[in-house]
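One structure below.
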Amino acid sequence: MQYFPQFILMNNCFVRFSKHCLLFLCLFIPQTLFPQGRQENATLSGAVSDAAGKALSGVSVTINELHRNTITGEDGSFLFRNLPAGTYSVGITYIGYKQVVKKVTVQSNNTTRLAFRLEEDINHLNSVTVQGKSATRQAREQTIKAEVVDTRAIQHQPSSLIEVMNRSAGVRIRQTGGLGSAASLMLNGFQDKAIKYFKDGIPMDYLGAGYDITLVPVNMLVRVEIYKGVMPAALGADALGGGVNMVTKKPFAKYLDAAYEIASFNTHRVSLNGFYNDTARKIFVGADAFFNYSRNNYEVTAPVDHNGTLVDEKVKLFHSRFSNFYTEVYGGWMNTRWADELRIGVTGFLINRQNQFGASMKDVFGAAANKQYAVIPTLRYRKHLFNNKLFVDQFFVANTVHSRQTDTARGKYDWYGNFTPDNSRVGEITRQGTLSDIRFSYFTSRTNLSWQLNAANKLELNAVFSSMGREGSDPYGAKLRGSGTDILTLPAHYKKLVTALGLETRLAGNMLVNNLVVKYYYYQVNATDGDYAGNEQRYATSGSRMGVAEAIKFNVSPYAFFRLSGEAATRLPEQTEIFGDGNFQLSNFALKPERSLNFNLGYRIEKPQHYAVEANSFYRITRDMILNVPTNLIFLQHQNIQNVKGIGLETDATVNIFRWLKANGNFTYQDFRLFNTGFATTEGARLRNTPYFFANLGLNGYLSHVVSRCDKLQVYWFYTFVRQYYLSDIPKDMEPDGFLGLWGKAGFDAPNIIPSQQLHTAGFTYYPFNERLSIGFQVKNIFNKAVYDNFRIQNAGRSLHLKVGYLFR
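Numbering (this note's numbering), first residue to last: 137 to 945.
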């Protein structure tokens, strides 16, 4: 119990620290809210065009000192109203053009007009994160730590979102197979549902598996914001380890973008995005759609049964086909007197998945499959009020996600696809089989209010209410003993409310920025279930918690800053963790909320167009951590793992070697261990199924006029290393004895080891005429190495990918 007092002491110290910060802010705010006496009635307008004088729409225009930004209209114009009189830096950022910054002085009761002409930047592709104070760079440099992946820079590559995110420091995503298989994200030691997913700031629970990091094409996104530890108040979710916010394209001009990728293992990926608005830019309609298909029939080394003896042999997967279709049609009004945007959307998706194996590759299936589908209406309203001081953002969704599982093979398959009938069993996964039909219902309301008190202070309130339910049936499923009631027909309801109140204060001319966030959590579970013996179990529980977070950023110079953050956080279990998923995920209504205390300290320095270096350290101590663990060779269940603590360090560097060549690299080391387990064999053991060291290297080259005067070529190479880690908890004295475990051999048998892996990927993207047409080619896992991932499941070897895209305007 030596760490429990430490946890309590640190938690108390952190709460006292936050109270002092809050007291300081309360004393300081009155002096910062009202001293300037500046009238906020100046106007700044302007227009942006290219070198030939053609108006450019969709250009990002930012007033850096006020952190206000807008987008140019179809005629290239922009407008800022109600500005305080003063001198400001106005930044213009547009993909494919050089960034421009102008100093401008605006005066009360006057309108100042600017004109910008942008020059093409042939090297714009060499930036994974757009330079200048664009929305992407602002997200990366904000007080709260975030890795920002600008997907626009790689949208024409045949890369999956998982691969792109895995190239970031501190991020590991592990899959249980090929395209469409389940994925587990890990950030700084936290993993699975401890990390929250968002789509444009909205929690994604209501989308089921339809909009997932394994499925979404990179060209449908502007960027991905990966928050570690503390979360911004605007997201305001019950996440311990951070969150992933997928930011979709926000078009302001008519366009149609299409892409098609063909790859090994009969893989096909199609995406289509379109947008139309009227000439007054008041009414808009649009659609986003994508389709994924793969047989996933790659070669694996599997335990083949030879008369009761298991022998590892190379076989091809034969029952691993996956397909999904997703589309969102939306429309509404924007830039009206009563709304900045009123958007009505209808989303539909369908997923069909064959199951080759379960939680591990010990058992093989040849007929089991599952399906998920939904039709989802959404409503979102956004409006600036009171001279742009108050911003209101309201979102509603109510829908049902259907999940069906079929297991009625009446026999067993082997790894070569041979079927052996067995009339004593109904299914191949379990003897009793399944024909389940489960309906997961969702209602979500997200309210965000942001009040710009003045140029130095912003107050933000975010509230997310979710009500979820499960009902279904399974004629072959478990029944209550005595009554014979189908357990899936028993009612199960889960409600939760998460609110966050945040205050951002900018001091000493933006040299010091402070974010204070206070959170309130409430949850309620009402469910009836059956145990393994068929006895009825009722669960009725509720609770509430408080949380507090503090993040401080100190700007040493315009190009260097420190960040420090800490949080006492709570995470409420997710619906799928409590209800299961109707597939290989079992329910667990007894799950308790996770509690965590975490700290981050980081430093970043950058010399634009030359180099950027960042280092970040972190400390975590977590109680009742929820992990997804195998209950047997087939099924998984989320369970509370007692106590986990750990430290880590990650670094990231980017260097422009030449004008046309850029190098980047990062590494992450994290040491997360169990404590107070009560067992000598597990005390101090590393957290199971969790990589503790991984690194990335990359080279990107950019060439122009390769074949003609108009063409461009991007070539790249990526290398990934993951140090071996362990499937289960192992005694500390059996770990490799090299420095920090980074070399040497473990003192136990190989089946419990996920081996070290080294992967190479290379490719190119060619633009023959202009950037409207792109041709991308990529070779993944060049040396065809065996790739083992989540729970030692083998992923695909070498594969070839070709992607063609075209933009119509």
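Each residue gets a CB set at the ideal place from its N, CA and C atoms; glycine is no exception.
- By the Cβ test, the stretch 423-440 is not in contact with the stretch 531-540, since fewer than three Cβ pairs between them sit closer than 8 Å.
- DSSP places residue 712 in the uninterrupted alpha helix (DSSP H) bounded by 711-715.
- Within the stretch 272-353, the complete alpha helix (DSSP H) segments of 4 residues or longer fall at 297-302, listed in chain order.
- For residue 868, the secondary structure class from DSSP, reduced to helix, strand or coil, is helix.
- By the C-beta criterion, the stretch 331-348 is judged to be in contact with the stretch 373-391, since at least 3 inter-stretch pairs fall below 8 Å.
- The beta-bridge partner set that DSSP reports for residue 227 consists of 198, 237.
- Counting only unbroken stretches of 3 or more residues, the beta strand (DSSP E) elements lying wholly within the stretch 571-613 are 593-609, in sequence order.
- Sequence-distant Cβ neighbours of residue 454 in its own chain, meaning closer than 6 Å and more than five residues away, are 553.
- Taking C-alpha positions only, residue 742 is separated from residue 800 by approximately 13 Å.
- Bridge partners of residue 615 according to DSSP: 622.
- Contact annotation: residue 197 and residue 214 have beta-carbon atoms nearer than 7 Å.
- Its chain contains 690, 691 as the residues whose beta carbon lies nearer than 8 Å to that of residue 647, once the 5 sequence neighbours on both sides are disregarded; these appear in chain order.
- Closest in alpha carbon position to residue 413, among 626, 749, 477, 886, is 477.
- Contact annotation: the stretch 729-746 does not touch the stretch 302-321, with fewer than three C-beta pairs closer than 8 Å.
- Take residue 392, set aside five residues on each side of it, and the residues of its chain with a beta-carbon closer than 6 Å to its own are 410, 944, in chain order.
- Here residue 395 is buried. Its C-beta has 16 or more other C-beta atoms within 10 Å.
- A Cβ-Cβ separation of about 6 Å places residue 701 in contact with residue 280 under the 8 Å criterion.
- Here residue 828 is buried, its C-beta having at least 16 other C-beta atoms within 10 Å.
- In this structure the stretch 211-226 touches the stretch 179-191; the number of beta carbon pairs closer than 8 Å is three or more.
- The alpha carbon of residue 186 has as its nearest neighbour, out of 230, 220, 222, the alpha carbon of 230.
- Burial is judged here by how many other beta carbons sit within 10 angstroms of a residue's own beta carbon; residue 905 has fewer than 16 and is exposed.
- The three-state reading of DSSP puts residue 886 in helix, counting H, G and I together.
- Annotated as proximal: residue 860 and residue 892, with beta-carbon spacing under 7 Å.
- Among the bridge pairs identified by DSSP, residue 512 is matched with 483.
- Between residue 441 and residue 282, the alpha-carbon positions lie close to 48 Å from each other.
- When secondary structure is reduced to three states using DSSP, residue 779 falls in the strand class.
- Judged by pairs of C-beta atoms under 8 Å, the stretch 646-662 touches the stretch 624-636, as three or more such pairs exist.
- Excluding sequence positions up to five before and after residue 400, its CB lies within less than 7 Å of the CB of 935, 936, all in the same chain and listed in chain order.
- The shortest CA-to-CA distance from residue 256 to any of 894, 856, 846, 929 is the one to 846.
- Here residue 450 is exposed, its C-beta having fewer than 16 other C-beta atoms within 10 Å.
- Taking 3 residues as the minimum length, the beta strand (DSSP E) runs contained wholly in the stretch 750-829 are 772-794, 797-810, in order along the chain.
- Residues 338, 531, 600 of the same chain have their beta carbon placed closer than 6 Å to that of residue 582, with the five preceding and five following residues left out of the count.
- Annotation for residue 450: the continuous beta strand (DSSP E) segment containing it runs 445-452.
- Below 8 Å, enough C-beta pairs join the stretch 319-326 and the stretch 353-366 to call them touching: three or more.
- Residue burial is scored here from C-beta neighbours: residue 671 has fewer than 16 other C-beta atoms within 10 angstroms and is therefore classed as exposed.
- Rounded to whole angstroms, residue 756 and residue 780 show a C-alpha spacing of 8 Å.
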